[in-house]
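Chemist:
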């Protein structure tokens, strides 16, 4: 017989082995899934892998998908430092896209890229922060649960985008499609070299490292870490925990909103309906898989991008339905979170009494 | 005499402590039997054994002469033993009747009207009338306790265990409870009553058994004892002499001139959110170079008083003056700045951030000191160096200053807290239960540091439930009971017996 015994500490090697092991397990379970729908996994995995990593279209798409996942995941992870759940990254992404679109439609003819890009970046960041200030303020000063408010605001932001797309912002030349006209070129995020990957990805990586530095090396970051670890101790230390909650949730929303900017200014160059394939909701998974570590988010955003692109390829190459992607996502979440048991416990052979 | 429940040589050990040392106890039918003892005497362990929460290491129980094996609370209830907990186990947004039937066998479709009828009948019989449809959250504390008692009676309990039931009640509510207990006693129920309030114990009990350090010290029948004998039995007669011997060895400095008043409370009052008073008419003064001891039974208002003094809560009435300035708005950070140090009673809950490094925990209450940061950037090397130095001078035993503080032992954790709180310019140090749970060496070390701080001219308030510690350390003593100061005296006039009586609410 075996029994579980609590670990006193978890070495890094165990964390790596457990995480990699859980991903492998998800792939194995996924192969069963593929076999059930009539695809030979032994053939499908390598061919999809080759298309994804070695084909130019494949890896560029990988990095393009990774960018919004990284930004929304980072946003969710920032809130999680104080044990707050920001379920509203999807809405924040939409609001960021709306803010970017407004600025781009309004000013990109008049200003060149040197002015336009910083304006888009700062404007979107501020707009996302103001949007998140609604649930943040309600939480800090009235104790309203942020999970509910951030979730509900998603519907508001998405509806707002629809309202604009069907109304004031609809481009008459596209006949009846709900999309705006294309931005002026000064509002296009530049590409890296000759690839189709735009500068949103480095931006996300820089922000992840900045978040880490903020947490580790500044007094405000220290207060956040204390309050996240033990809120009573933060009160005892005289920190203004209400302000901390507010600041962190606002920051969380501002970063997630940038994902909307990179999507519309970097990929579509216009706002259109359903431009986000649940990037905001998937950001929750990205953050959770990284155990809310701001730098770990870079790795898990890549992992989720692999699932997104791999799923697309499976759709195209093997005519599988999109539900297969969601099933893969679910499997991965299931195994990774399930494996966390082995981070705090280890299996031990029970000694006979 | 008609014994209902007999305990024979009940023994229970926890790592490092004998909680119950071969306890023999009998409970007769229709008797109120009180178990009296200080905190940590083993009362709660014993009651938890009877009600099935703990399983004893050895010993046996007899129920009406037949052996009784109780492995869990459900079996205890099935055998007619019911416990009314000190902290109510009720679901606030359910109704009274829903709370009462919780966990009792019911048919799939609830027979609400029948249940309501049963509750009414029980209520009339024992003076526990309550509207069964009210929600528990709308009831007063006394009424909630009635629900707890009804719960136990509804399950058919013949033996009731009440764990400090009057601790949370007003005097009037307590009187009403006594009447209920008499009624139940008349009806043939047997009651085990836990308390350390001397007066109610003497009035109410048919028999009193005193527990000390896990052992039975004595059992007395009604009318055969008095408060001072019970106080001696509870606290031990020899404590005062040993205290004096150690005091001579520990006192390091001659008396300082104790002229400057650092902390002053005038008619201070604090209300609970639900409206009752946590603190009332507190007048208290702490001077520089003085250790003031605050004696009191657990939960007499010490925690609230501490929260007021360090700025976690603002007073509802009266004045709080710190270093000659009135503190109108409660602010922890402002008081830290003015020189308040605080060793919290619950060190794990308030004193540390468990997953942060030991070195980082040193800046918890000192974050804005320029020693550690400049313009908002932490000076990592200085934080580490400071942590190392403090750990050395306070003899904190840890593998490194970079391990999470949660991995340290209680004693080492407490040293970190004390080191942190005394490492900036202080005027006042509030030490709540600073040596609770620590071994002898760690305790002596911490007490010496406190005496040294006193010699350096600090004003110190020492909150403790341990009278020996208070007499050893303090220059002046206050006694708190039910949120009010019920006595004060210089150390020279302090007698353990007198303080013990004051603590339990008896006027000396």
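Chains as they are written, first to last, in our numbering: chain A, 411 to 763; chain B, 10 to 517.
No residue lacks a Cβ here, since even glycine has one placed at the ideal position from N, Cα and C.
Values in this document were obtained by computation on a predicted structure and should not be read as measured data.
1. Cutting at 6 Å between CB atoms, please list the residues of its own chain near residue 251(B), excluding the five before and the five after it.
2. Can you list, in chain order, the residues of the segment 455–487 of chain A whose Cβ is nearer than 8 Å to any Cβ on chain B?
3. For residue 495(A), list the residues DSSP reports as bridge partners.
4. Entirely within the segment 281–363 of chain B and at least 3 residues each: give me those beta strand (DSSP E) ranges in chain order.
5. Just tell me which of 437(A), 461(A), 476(A), 424(A) has its CA closest to the CA of residue 709(A).
6. Is it the case that the segment 332–351 of chain B contacts the segment 499–510 of chain B, given that we only count it when at least three CB pairs across the two stretches are under 8 Å?
7. Alpha carbon to alpha carbon, how far is residue 305(B) from residue 171(B)? Give it in angstroms, no decimals.
8. Could you give the DSSP three-state label for residue 442(B): helix, strand or coil?
9. In angstroms, rounded to a whole number, what distance separates the CA positions of residue 703(A) and residue 621(A)?
10. Could one say the Cβ of residue 8(B) lies closer than 8 Å to chain A's Cβ atoms, at least one of them?
11. From which residue to which residue does the alpha helix (DSSP H) around residue 236(B) run?
12. Just checking: is the beta-carbon of residue 770(A) within a distance shorter than 8 Å of some beta-carbon in chain B?
13. Spatial neighbours of residue 463(A) within its chain, please: C-beta separation below 7 Å, excluding the five flanking residues on both sides.
14. Count the other CB atoms, across all protein chains shown, that sit within 10 Å of the CB of residue 262(B); report buried if there are 16 or more and exposed otherwise.
15. Flag this pair as touching only if the segment 423–440 of chain A and the segment 738–751 of chain A have three or more C-beta atom pairs under 8 Å; answer yes or no.
16. If you drop the 5 nearest sequence neighbours on each side, which residues of the same chain put their C-beta closer than 7 Å to that of residue 654(A)?
17. How many Å lie between residue 206(B) and residue 473(B) at the Cα?
18. Is the beta carbon of residue 672(A) closer than 8 Å to that of residue 610(A)?
19. Could you tell me the boundaries of the alpha helix (DSSP H) in which residue 17(B) lies?
20. To the nearest angstrom, report how far apart residue 453(A) and residue 742(A) are at their CA atoms.
21. Who are residue 42(B)'s beta bridge partners in DSSP?
22. What does DSSP give as the partner residues of residue 275(B) in its beta bridges?
23. Going along chain A, which residues have a C-beta under 7 Å from residue 387(B)?
24. Please state whether the Cβ-Cβ distance between residue 41(B) and residue 213(B) is less than 8 Å.
25. Who are the Cβ neighbours of residue 119(B) in its own chain at under 8 Å, not counting the five residues just before and after it?
26. Find the residues of chain A that neighbour residue 127(B), judging by a C-beta separation of less than 7 Å, and give them in chain order.
27. Start and end of the alpha helix (DSSP H) containing residue 542(A)?
28. Any contact of the segment 403–416 of chain B with the segment 275–288 of chain B, i.e. 3+ C-beta pairs under 8 Å?
29. If you pair each beta-carbon of the segment 23–32 of chain B with each one of the segment 209–226 of chain B, do three or more pairs fall below 8 Å?
30. Could you check whether the Cβ of residue 635(A) sits closer than 8 Å to any Cβ belonging to chain B?
31. Give a yes or no on whether 8 Å exceeds the smallest Cβ distance from residue 646(A) to chain B.
32. According to DSSP, simplified to helix, strand and coil, what is residue 184(B)?
33. Does chain A have any CB closer than 8 Å to the CB of residue 459(B)?
34. Consider the Cβ of residue 365(B): report whether some Cβ of chain A lies at a distance smaller than 8 Å.
35. Can you tell me which of the three DSSP states residue 228(B) falls into?
36. Which class does residue 91(B) belong to by DSSP, given the choice of helix, strand or coil?
Modeler: According to the structure data:
1. Working through the second chain from its first residue, we reach residue 251(B) at position 242. Only weak support is given to the placement of residue 251(B): the predicted model assigns it a pLDDT of 42, under 50, and the value that follows is read from those uncertain coordinates. Counting only Cβ-Cβ distances below 6 Å, and skipping sequence neighbours, we find nothing.
2. none
3. What you label residue 495(A) is simply residue 85 of the first chain in a count that begins at 1. Partner(s): none; residue 495(A) has no beta bridge.
4. With a minimum length of 3 residues, the continuous beta strand (DSSP E) runs that stay inside the segment 281–363 of chain B are 286–296, 299–304, 326–331, 349–352.
5. Walking along the first chain from the start, residue 709(A) turns up at place 299. The residue with the shortest Cα to Cα distance from residue 709(A) is 476(A).
6. no
7. Working through the second chain from its first residue, we reach residue 171(B) at position 162. Working through the second chain from its first residue, we reach residue 305(B) at position 296. So the two alpha carbons sit approximately 21 Å from each other.
8. Looking up residue 442(B) in the second chain gives position 433. Of the three classes helix, strand and coil, the one that applies to residue 442(B) here is coil, per DSSP.
9. Looking up residue 703(A) in the first chain gives position 293. Looking up residue 621(A) in the first chain gives position 211. Their Cα atoms are separated by approximately 10 Å.
10. Any answer about residue 8(B) is impossible in this case: the structure gives chain B only from 10 up to 517.
11. Taking the first residue of the second chain as 1, we reach residue 236(B) at position 227. Residue 236(B) -> alpha helix (DSSP H) spans 236–244.
12. Coverage of chain A is limited to positions 411 through 763, which leaves residue 770(A) absent and any answer about it impossible.
13. Position 53 of the first chain, counted from the start, is the residue given in the question as residue 463(A). If we look at residue 463(A) and ignore the five residues flanking it on each side, its Cβ neighbours are 469.
14. The residue you call residue 262(B) lines up with position 253 of the second chain. Note that residue 262(B) scores a pLDDT of 49, beneath 50, so its modelled location is shaky; the value from the coordinates is reported in the next line. Label assigned to residue 262(B): exposed.
15. yes
16. As a position in the first chain, residue 654(A) is number 244, starting the count at 1. Here the set comprises 492, 633, 634, 637.
17. Taking the first residue of the second chain as 1, we reach residue 206(B) at position 197. Taking the first residue of the second chain as 1, we reach residue 473(B) at position 464. Using only the alpha carbons, I get a separation of about 18 Å.
18. Within the first chain, the letter at position 200 stands for residue 610(A). Within the first chain, the letter at position 262 stands for residue 672(A). It is a contact, given that the beta carbons lie within the stated cut-off.
19. Here residue 17(B) corresponds to residue number 8 of the second chain, with the count starting at 1. Note, residue 17(B): premise wrong, no alpha helix (DSSP H); beta strand (DSSP E) at 12–23.
20. Reading the first chain from its first residue, position 43 is the one you call residue 453(A). Reading the first chain from its first residue, position 332 is the one you call residue 742(A). Rounded to whole angstroms, residue 453(A) to residue 742(A) spans 21 Å at the Cα level.
21. Against the second chain, residue 42(B) aligns to sequence position 33. Answer is 201(B), 216(B).
22. Sequence index remark: in the second chain, residue 275(B) carries index 266 (1-based). DSSP, once it has assigned bridges, lists 328(B) as partnering residue 275(B).
23. In the second chain, residue 387(B) corresponds to position 378, counting from 1. Simply 627, 628, 629, 632.
24. On the second chain, position 32 is the one that residue 41(B) refers to. On the second chain, position 204 is the one that residue 213(B) refers to. Yes, these two residues count as a Cβ contact at 8 Å.
25. If you number the second chain from 1, residue 119(B) lands on position 110. Within the same chain, residue 119(B) has close Cβ partners 110.
26. Start at 1 with the first residue of the second chain, and residue 127(B) comes out as number 118. What residue 127(B) touches in chain A: nothing, since even the nearest Cβ is about 38 Å away.
27. Counting from 1 along the first chain, the entry for residue 542(A) is found at position 132. Note, residue 542(A): alpha helix (DSSP H), 523–552.
28. The segment 403–416 of chain B is not in contact with the segment 275–288 of chain B.
29. yes
30. Taking the first residue of the first chain as position 1, residue 635(A) is located at position 225. Cβ-Cβ to chain B under 8 Å: yes for residue 635(A).
31. Position 236 of the first chain holds residue 646(A). Cβ-Cβ to chain B under 8 Å: yes for residue 646(A).
32. Along the second chain, read from residue 1 onward, the residue named residue 184(B) stands at position 175. Residue 184(B) falls in the helix class under three-state DSSP.
33. Taking the first residue of the second chain as 1, we reach residue 459(B) at position 450. Chain A contact via Cβ: absent.
34. Taking the first residue of the second chain as position 1, residue 365(B) is located at position 356. Yes, contact with chain A.
35. Counted from its first residue, the second chain places residue 228(B) at position 219. The answer is strand: DSSP assigns residue 228(B) an E or B state.
36. Working through the second chain from its first residue, we reach residue 91(B) at position 82. Of the three classes helix, strand and coil, the one that applies to residue 91(B) here is strand, per DSSP.
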